[in-house]
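Numbering (the working numbering), first residue to last: 13 to 287. Here is the structure we will look at, set down as structure tokens.
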Amino acid sequence: MPTESFHALAEACLYSPSIAAKLAATDRAAAALASGHLDFAAPEPPRPATAVRFPERPRLVDPRDLPRRGLHTAAGRIAFLHALAHIEFTAIHLAFDIGYRFRDMPDAFRLDWLRVAIEEAKHFRALDQRLGDFGGTYGDCPAHRGLWDLAETTADDVLARLALVPRFMEARGLDVSPGMIVKLQQLGDTQSVVILDMILREEIGHVACGTRWFREVCAARGLEPEAAYFDLVRTHIKGGVRGPFNREARLAAGFGEGELARLETLEAGSSARTA
Numbered sequence: 013m014p015t016e017s018f019h020a021l022a023e024a025c026l027y028s029p030s031i032a033a034k035l036a037a038t039d040r041a042a043a044a045l046a047s048g049h050l051d052f053a054a055p056e057p058p059r060p061a062t063a064v065r066f067p068e069r070p071r072l073v074d075p076r077d078l079p080r081r082g083l084h085t086a087a088g089r090i091a092f093l094h095a096l097a098h099i100e101f102t103a104i105h106l107a108f109d110i111g112y113r114f115r116d117m118p119d120a121f122r123l124d125w126l127r128v129a130i131e132e133a134k135h136f137r138a139l140d141q142r143l144g145d146f147g148g149t150y151g152d153c154p155a156h157r158g159l160w161d162l163a164e165t166t167a168d169d170v171l172a173r174l175a176l177v178p179r180f181m182e183a184r185g186l187d188v189s190p191g192m193i194v195k196l197q198q199l200g201d202t203q204s205v206v207i208l209d210m211i212l213r214e215e216i217g218h219v220a221c222g223t224r225w226f227r228e229v230c231a232a233r234g235l236e237p238e239a240a241y242f243d244l245v246r247t248h249i250k251g252g253v254r255g256p257f258n259r260e261a262r263l264a265a266g267f268g269e270g271e272l273a274r275l276e277t278l279e280a281g282s283s284a285r286t287a
């Protein structure tokens, strides 16, 4: 098997508008990784995060304009699964981009995030296949750019990216997943439950990866991790902190008791302001 370039495959995923091409680049990276034929040398600087391309469908709208439907109808189940598929599809880009963009990080960093990208692609495919069981496919429903907007905002600082994407936005997925699983169990949708259970288990590892590298970068910069994390949250997250928090999953993902206590305090303050 010929040697593949991580950075070339990351570009092939990030800068193509084709879903098939993005998944093919991820599969090639997975095969090269498994065979030991992956090269992490970076001959050229990264292209801008603002130039990353997404497919024409789904149509991207403001999060407030997304329709809200219950899970009891086929249309509601399609909308729900589509929203999750969009998160996982965006997460493929996030994992590739963090390894591709921050060239001063070691190859072990790129290797970790490539493994995350491969798992995110698995999640996306599982959800898209489940969408097909209901007569839908990815692209059928509108979606939003929220996660990628945050990637663009943090494109010049790996510490901010680690704090706000895996340790804030993706950690929120750990909080909400158990409730979604319970609702699907009540509806007897065991196939979707199996998929969400798998995603939750693996997302704990993704958030843990973010935590580990966040602390590595803090150590290199002489920063106290908890203080640095909350400084970045206060600077970048304008909508407040939402709970409740999945303590067990967050602890498994590397959050400390002190961090959880501060998050709960911030969440209480956010709730009081909106009450």
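C-beta atoms are modelled at their ideal positions from N, C-alpha and C, and glycine is treated no differently.
key: Beta-carbon contacts of L196 that lie in its chain and below 6 angstroms, excluding the five residues immediately before and after   = S204, V205
query = Quick one, which of R89, D243, A41 has its alpha-carbon nearest G111's?
reply = A41
request  = Compute the Euclidean distance between the alpha carbons of A8 and G144, then round it to the nearest angstrom.
outcome  = Outside the shown range of the chain (13 to 287) lies residue 8, about which nothing can therefore be said.
ask   = Below 8 angstroms between beta carbons: does that hold for G191 and P75?
value = no
message = On the CB-based measure, 16 or more other CB atoms within 10 Å of its CB, does L250 come out buried or exposed?
response = With the sequence shown as reference, residue 250 is identified as Lys, and Leu is not the correct amino acid for it. The residue in question, K250, is exposed, as its Cβ has fewer than 16 Cβ neighbours within 10 Å.
message = Measuring straight from C-alpha to C-alpha, what distance separates E238 and E276?
response = 14 angstroms
ask   = Based on the DSSP output, what are the partners of A155 in its beta bridges?
value = L72
query = Bridge partners of L50, per DSSP?
reply = E16
task = Taking only the alpha-carbon atoms, compute the straight-line gap between E164 and A46 and give it to the nearest angstrom.
result = 30 angstroms
request  = Could you name the residues of the same chain whose beta carbon sits closer than 6 angstroms to that of G222, not counting the 5 residues immediately before and after it, in chain order?
outcome  = L174, P178, R179
key: Endpoints, the alpha helix (DSSP H) within which F136 is located   = 119-145
task = Using three-state DSSP, classify R187 as helix, strand or coil.
result = Here residue 187 turns out to be Asp, not Arg, going by the sequence shown. DSSP places D187 in helix when its eight states are reduced to three.
Residue span of the alpha helix (DSSP H) that contains P237, given as start and end = 237-248
ask   = CA-CA distance, T15 and M117?
value = 21 angstroms
ask   = Looking only at its own chain, which residues have a Cβ that is under 7 angstroms from the Cβ of A133, when we skip the five neighbours before and after it?
value = L35, T38, I104
request  = Along the alpha helix (DSSP H) that carries A95, what are the first and last residues, could you check?
outcome  = 86-113
ask   = Thinking C-alpha only, which one of D77, V229, E182, R113 is nearest P57?
value = R113
key: Per-residue burial, S189 [other beta carbons within 10 Å of its own, 16 or more giving buried]   = buried
ask   = Would you call the CB atoms of E100 and F136 closer than 8 angstroms?
value = yes
key: Same chain, Cβ closer than 6 angstroms to D124, five either side skipped, listed in chain order   = C221
task = Using only alpha-carbon positions, find the residue among R246, P70, Y27, D109 that is nearest to G151.
result = P70
key: Element boundaries [alpha helix (DSSP H), containing V3]   = Nothing in the structure corresponds to residue 3, since the chain is present only between 13 and 287.
inquiry  = I need the DSSP call for R65, collapsed to helix, strand or coil.
reply    = coil
request  = In angstroms with no decimal places, state the Cα-to-Cα distance between F66 and P60.
outcome  = 14 angstroms
task = Whole angstroms is fine: what's the gap from T247's alpha carbon to L272's?
result = 19 angstroms
task = Could you say which of R254, A261, R233 lies nearest to V170 if we only look at CA atoms?
result = R233
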